[in-house]
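All residue numbers for the sequence shown refer to this note's numbering, where the first residue is 15 and numbers rise by one. Ideal Cβ placement from N, Cα and C applies to all residues, glycine included. The block underneath contains the structure these notes are about, expressed in structure tokens.
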Amino acid sequence: MRKTILQLTTALALVTMAGAAQAADCKITVGLVMELTGPAGEYGQAGAKSVEMAFRDINEAGGVRGCDLVTDTRDSQSQGNIAVDAATQLVQVKKVPVIIGGIISSVSIPILTSVTAPAKIVQVSPASSSPTLTTLGRDGKTNGIFFRTITSDALQGVAAAKYAVDKGFKKLAIIHVNNDFGVNMVAEFSRAYKALGGTIVSDTPYNEKQSSYASEVTAAMGGEPDGLYLVSTPVDGATIARTWISQGGVQKFLLNDGMNSPDFIESVGADYLKDAYGTSSGTSPTASTEYFTKNYKAFSGIEPSNPAADRSYDAGAIVGLAIAIAGSEDPAKIKDAMYKAVDPAGTPIYAGKEEFAKALGLIKDGKPIRYEGVIGPVAFDKFGDITGPFRLWKIADGKVTTDGEMTTDDVNALQAKLQ
Numbered sequence: 015m016r017k018t019i020l021q022l023t024t025a026l027a028l029v030t031m032a033g034a035a036q037a038a039d040c041k042i043t044v045g046l047v048m049e050l051t052g053p054a055g056e057y058g059q060a061g062a063k064s065v066e067m068a069f070r071d072i073n074e075a076g077g078v079r080g081c082d083l084v085t086d087t088r089d090s091q092s093q094g095n096i097a098v099d100a101a102t103q104l105v106q107v108k109k110v111p112v113i114i115g116g117i118i119s120s121v122s123i124p125i126l127t128s129v130t131a132p133a134k135i136v137q138v139s140p141a142s143s144s145p146t147l148t149t150l151g152r153d154g155k156t157n158g159i160f161f162r163t164i165t166s167d168a169l170q171g172v173a174a175a176k177y178a179v180d181k182g183f184k185k186l187a188i189i190h191v192n193n194d195f196g197v198n199m200v201a202e203f204s205r206a207y208k209a210l211g212g213t214i215v216s217d218t219p220y221n222e223k224q225s226s227y228a229s230e231v232t233a234a235m236g237g238e239p240d241g242l243y244l245v246s247t248p249v250d251g252a253t254i255a256r257t258w259i260s261q262g263g264v265q266k267f268l269l270n271d272g273m274n275s276p277d278f279i280e281s282v283g284a285d286y287l288k289d290a291y292g293t294s295s296g297t298s299p300t301a302s303t304e305y306f307t308k309n310y311k312a313f314s315g316i317e318p319s320n321p322a323a324d325r326s327y328d329a330g331a332i333v334g335l336a337i338a339i340a341g342s343e344d345p346a347k348i349k350d351a352m353y354k355a356v357d358p359a360g361t362p363i364y365a366g367k368e369e370f371a372k373a374l375g376l377i378k379d380g381k382p383i384r385y386e387g388v389i390g391p392v393a394f395d396k397f398g399d400i401t402g403p404f405r406l407w408k409i410a411d412g413k414v415t416t417d418g419e420m421t422t423d424d425v426n427a428l429q430a431k432l433q
């Protein structure tokens, strides 16, 4: 009898240990396709670290159904075709239920049209702002699976135009990256800027990763502009700005959101950027903002001011909470749960282990939550878009500093007036 009891006790212990080991080994993999190298490498590296930080915080809060969220991260090299290959492998071979990425629109759009939309796999971009993504949704070409945690350039172009006029830019030369993002951003800006009385003396597109942009700069300088609107990424943007300065261009710049970069400032030289201004998708500060600003650099080694960092944490947090709400890795259920993670009627939830533990408890009890992230409270519309304020910034003493804000209502009112 004693022998039998001992055997049963031993067997029970082994089963318990096996169960614990199985729980510890339980993982839910989310695909990341990020621009870790290439012109947008600075953004992608920060974005990947931000998602990892959000997953760490959720895992330390207990994980999703006892499982750890992990990433399978692939480098798009800032190229759409490479991104499509990476996303295809993640979806078809690794069977991930969600892809986070890309950062830039010229990466996110081909992933969406070639991989995630046909496969009906949820895709979340932290920083792709092209209006084309809204158009694809409106035309029924996304299957409703695309979301982003940045506002569309359709609104940012209007905010940039108003800021340019307010800062005394009357005759602008434009140099912009020749891709979907650059073309759309300039189109929205130009329409508003001209309506506000501004003049565009030249509009010069460029192709990425050239060793020299002397011919583009020479073409842009015709017409005696009083400033340069540079729509670019930090590496190419620095090369263009240095060329502009060396050829005698006026040292007054208007910059897009991606140029909000310490690397750009250091490469060009702060002394040449004393009259440089820009716009970016803004934030409505919350407890999440404070948490992220305090903890991100220690986790990542990257400054929290990186343009992609804050909204990538939110992308990771919303995806993680959505998987918890969905109760499975079924992409269709996760798609529906994306809206529930930011339910306006839910209990406010902020970033960090303690807050995520609270959220997971509420989810388990079937109660609604509203994640209010690093960029502020957001809600997705039926095309996966968000609305939010726009930050107006300038470069002062070699650092990006806030110069003001335009609310969504301000931009919408101005846009209505210009139509």
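Assign Arg-152 to buried or exposed, taking buried as 16 or more other Cβ atoms, counted over all protein chains shown, within 10 Å of its Cβ.
-> Walking along the sequence shown from the start, residue 152 turns up at place 138. Counting Cβ neighbours within 10 Å, Arg-152 comes out exposed, since fewer than 16 surround it.
DSSP three-state call for Asp-436: helix, strand or coil?
-> In the structure as shown, the chain begins at 15 and stops at 433. Residue 436 is therefore absent and cannot be evaluated.
Are the CB atoms of Ile-135 and Val-107 nearer to each other than 8 Å?
-> Position 121 of the sequence shown, counted from the first residue, corresponds to residue 135. Position 93 of the sequence shown, counted from the first residue, corresponds to residue 107. The answer is no: Cβ separation not under 8 Å.
Name the two residues that bound the continuous alpha helix (DSSP H) containing Tyr-310.
-> Along the sequence shown, one-based indexing puts residue 310 at 296. Where Tyr-310 is concerned, the enclosing alpha helix (DSSP H) stretches over 301 to 314.
Contacts around Gln-429, its chain only, beta-carbon distance under 6 Å, and the 5 residues preceding and following it disregarded = Here residue 429 refers to the residue found at position 415 when the sequence shown is read from its first residue. Val-172.
Along the chain, where does the alpha helix (DSSP H) that runs through Leu-268 open and close?
-> Within the sequence shown, numbered from 1, the residue matching residue 268 stands at position 254. It is not in any alpha helix (DSSP H) - Leu-268 instead sits in the beta strand (DSSP E) that spans 267 to 269.
Neighbourhood of Val-84 by C-beta distance below 6 Å, restricted to the same chain and skipping five residues each side | Counting from 1 along the sequence shown, the entry for residue 84 is found at position 70. Counting only Cβ-Cβ distances below 6 Å, and skipping sequence neighbours, we find Lys-41, Thr-43.
Quick one: is Val-98 near chain C, going by C-beta distance under 8 Å?
-> The structure shown contains no chain C, having only a single protein chain.
Measure from the alpha carbon of Arg-384 to the alpha carbon of each residue in Pro-403, Phe-397, Ala-351, Asp-399, then state which is nearest.
-> In the sequence shown, the residue the question calls residue 384 occupies position 370. Nearest C-alpha to Arg-384: Ala-351.
Within the region 161 to 189, ranges of the alpha helix (DSSP H) (whole runs, at least 4 residues) | 167 to 180
Compute the Euclidean distance between the alpha carbons of Leu-432 and Thr-146, then round it to the nearest angstrom.
-> Locating residue 432 in the sequence shown gives position 418, counting from the first residue. Locating residue 146 in the sequence shown gives position 132, counting from the first residue. Going by the C-alpha atoms only, they are around 21 Å apart.
For Ser-225, the nearest candidate out of Arg-256, Met-235, Ile-214 (CA to CA) = Stepping through the sequence shown from its first residue, residue 225 is reached at position 211. Per the Cα distances, Arg-256.
Should Thr-361 go down as buried or exposed, given a rule of 16 or more other Cβ atoms within 10 Å for buried?
-> In the sequence shown, counting from the first residue as 1, residue 361 sits at position 347. By the 10 Å Cβ count, Thr-361 comes out exposed.
Pick out whichever of Ile-113, Thr-165, Gln-261, Asp-271 has its Cα sitting closest to the Cα of His-190.
-> Indexing the sequence shown from 1 puts residue 190 at position 176. Selected option, being the one with the closest Cα: Asp-271.
With contact counted as at least three CB pairs below 8 Å, one residue from each stretch, are the region 272 to 286 and the region 211 to 223 in contact?
-> no
Which runs of the alpha helix (DSSP H) spanning at least 4 residues fall entirely within the region 37 to 84, listed in chain order?
-> 55 to 74
If you follow the alpha helix (DSSP H) that Gln-429 is part of, which residue opens it and which one closes it?
-> Here residue 429 corresponds to residue number 415 of the sequence shown, with the count starting at 1. Its alpha helix (DSSP H) spans residues 422 to 432.
Which residues DSSP lists as bridging Ser-294, in chain order | One-based indexing of the sequence shown puts residue 294 at position 280. Paired residue(s): Arg-405.
CB of Val-414 within 8 Å of CB of Thr-163, strictly | Counted from its first residue, the sequence shown places residue 414 at position 400. Counted from its first residue, the sequence shown places residue 163 at position 149. In this structure, Thr-163 does not lie closer than 8 Å to Val-414 by Cβ.
Exposed unless 16 or more other CB atoms sit within 10 angstroms - verdict on Asn-95 | Stepping through the sequence shown from its first residue, residue 95 is reached at position 81. With fewer than 16 other Cβ atoms within 10 Å, it is exposed.
Three-way DSSP call (helix, strand, coil) for Ala-355 in this model | By one-based count along the sequence shown, residue 355 stands at place 341. Residue state, collapsed to three classes: coil.
Give the straight-line distance between the Cα atoms of Cys-81 and Pro-358, rounded to the nearest whole angstrom.
-> Counting from one through the sequence shown, the residue named residue 81 turns up at place 67. Counting from one through the sequence shown, the residue named residue 358 turns up at place 344. Distance between the alpha carbons of Cys-81 and Pro-358 is about 27 Å.
If you compare alpha carbons, which of Tyr-327, Tyr-291, Glu-369, Pro-276 is closest to Ala-178?
-> As a first step, residue 178 must be located in the sequence shown, where it is residue number 164. Here the closest residue by C-alpha is Tyr-291.
Cβ-based neighbour list, Pro-132, same chain, cut-off 7 Å, excluding 5 preceding and 5 following = As a position in the sequence shown, residue 132 is number 118, starting the count at 1. No residues qualify anywhere along the chain.
Is it right to say Pro-299 is buried, meaning 16 or more other beta carbons lie within 10 angstroms of its own, or is it exposed?
-> Position 285 of the sequence shown, counted from the first residue, corresponds to residue 299. Exposed, since its Cβ has fewer than 16 Cβ neighbours within 10 Å.
Can you tell me where the beta strand (DSSP E) with Ile-400 in it begins and where it stops?
-> Stepping through the sequence shown from its first residue, residue 400 is reached at position 386. Taken as a continuous stretch (DSSP letters only), Ile-400 belongs to no beta strand (DSSP E), as it is neither H nor E.
For Lys-354, which option in Val-249, Ala-331, Leu-50 has the closest C-alpha, if you only look at C-alpha atoms?
-> Position 340 of the sequence shown, counted from the first residue, corresponds to residue 354. Taking only the C-alpha atoms, the option nearest Lys-354 is Ala-331.
Evaluate contact between the region 302 to 318 and the region 55 to 67, counting only Cβ atoms and requiring at least three cross-stretch pairs below 8 Å.
-> yes
Could you check where the alpha helix (DSSP H) with Asp-277 kicks off and where it finishes?
-> As a working mapping, residue 277 is identified with position 263 in the sequence shown. That run of the alpha helix (DSSP H) goes 276 to 282.
Residues sharing a beta bridge with Ile-114, DSSP = Sequence index remark: in the sequence shown, residue 114 carries index 100 (1-based). DSSP lists Leu-46, Val-138 as partners of Ile-114.
Helix or strand or just coil, what does DSSP make of Ile-254?
-> The count along the sequence shown starts at 1 and reaches residue 254 at position 240. In the structure shown, Ile-254 sits in a helix (DSSP, three-state: H, G or I).
So Gly-251 and Leu-244 are in contact, right, with Cβ under 8 Å, and what is the actual spacing, rounded?
-> Here residue 251 corresponds to residue number 237 of the sequence shown, with the count starting at 1. Here residue 244 corresponds to residue number 230 of the sequence shown, with the count starting at 1. So it is a contact: roughly 6 Å between Cβ atoms.
Do the region 122 to 131 and the region 227 to 234 touch if we need at least three Cβ pairs shorter than 8 Å?
-> no
Quickly, what does DSSP pair Pro-219 with across the bridge? List them, please.
-> Here residue 219 refers to the residue found at position 205 of the sequence shown. Its beta-bridge partners are His-190.
For Gly-366, which three-state DSSP category applies?
-> In the sequence shown, the residue the question calls residue 366 occupies position 352. Residue state, collapsed to three classes: coil.
Status (buried if at least 16 other CB within 10 Å, exposed otherwise) for Gly-241 = Here residue 241 refers to the residue found at position 227 when the sequence shown is read from its first residue. Buried.
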